[in-house]
Structures are given as structure tokens and as C-alpha cells.
Amino acid sequence: MEIKNQNKKHTEEFKKRRSDYNKSYYEKTKCSLICYHKRAIEINARKKINKYKCECGSFIRKASKTPHLNSKKHKKYIESKKNIQQI
Ligand SMILES: [Zn+2]
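Everything in the sequence shown is counted per the numbering used here, starting at 78 for the first residue and increasing by one.
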């Protein structure tokens, strides 16, 4: 009976150690996930800084402003705006 109890105690300790190990592994993984998430948010924020919303509703980069002003979508918007003003 005593031996059995000791074995049980042993097993429980082993289980506890295992779960502790799993927990720390989980914490590590969680941290790296959060770090990854943070980085993704930072990158997105930087992208947003470089982009701005045009009056036609599309997001464009400052560098591609001129080609966008000549794009079909933008011209269509300008045309429709003109039409509305004429009415
Ligand atoms: Zn536009």
C-alpha cells in the first residue's frame, strides 16, 4: 500500500513537472506570437503612414500619387463629381 502511494506521488510530481514545462513552453510561444503580432501591427502602421486615402476612395502611396491621378478609377470619380455639380 505504501509503495503504491509513493508511486502515485511520484507520478503526480512527474505530471506536475511536465505541465510546468508545457506551461513555460506555452508562455514562450505566446510571447513570440505576441511579438510577431506587434511587429505586424508596426509594419501596418508604417504602411498606413506612407499611404493616404484619396478623395476617390482608394488608398494610394504618396509615391504613386501622380500615376493614380491619371488612373481610370480616379478619373471616373472626377467625372462623376463634375456630373453631380452640373446637375
Ligand atoms: Zn483618387
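Glycine residues also receive a C-beta, built at the ideal position from the N, C-alpha and C atoms.
Taking 7 Å as the cut-off, one finds at least one heavy atom of ligand 1 near enough to the beta carbon of TYR154.
In terms of Cα proximity to LYS153, the closest of TYR113, GLU132, ARG138, ALA140 is GLU132. Rounded to whole angstroms, the Cβ separation of PHE136 and LYS149 is 16 Å, and the two are not in contact under 8 Å. If you draw a 10 Å sphere on the C-beta of HIS151, you find 16 or more other C-beta atoms in it, and that means buried.
Chain order is used for the residues whose beta-carbon lies nearer than 5 Å to a heavy atom of ligand 1, namely CYS131, CYS133, HIS151. For the stretch 94 to 152, the continuous beta strand (DSSP E) assignments of 3+ residues that do not extend past its boundaries occur at 128 to 130, 136 to 138, in sequence order.
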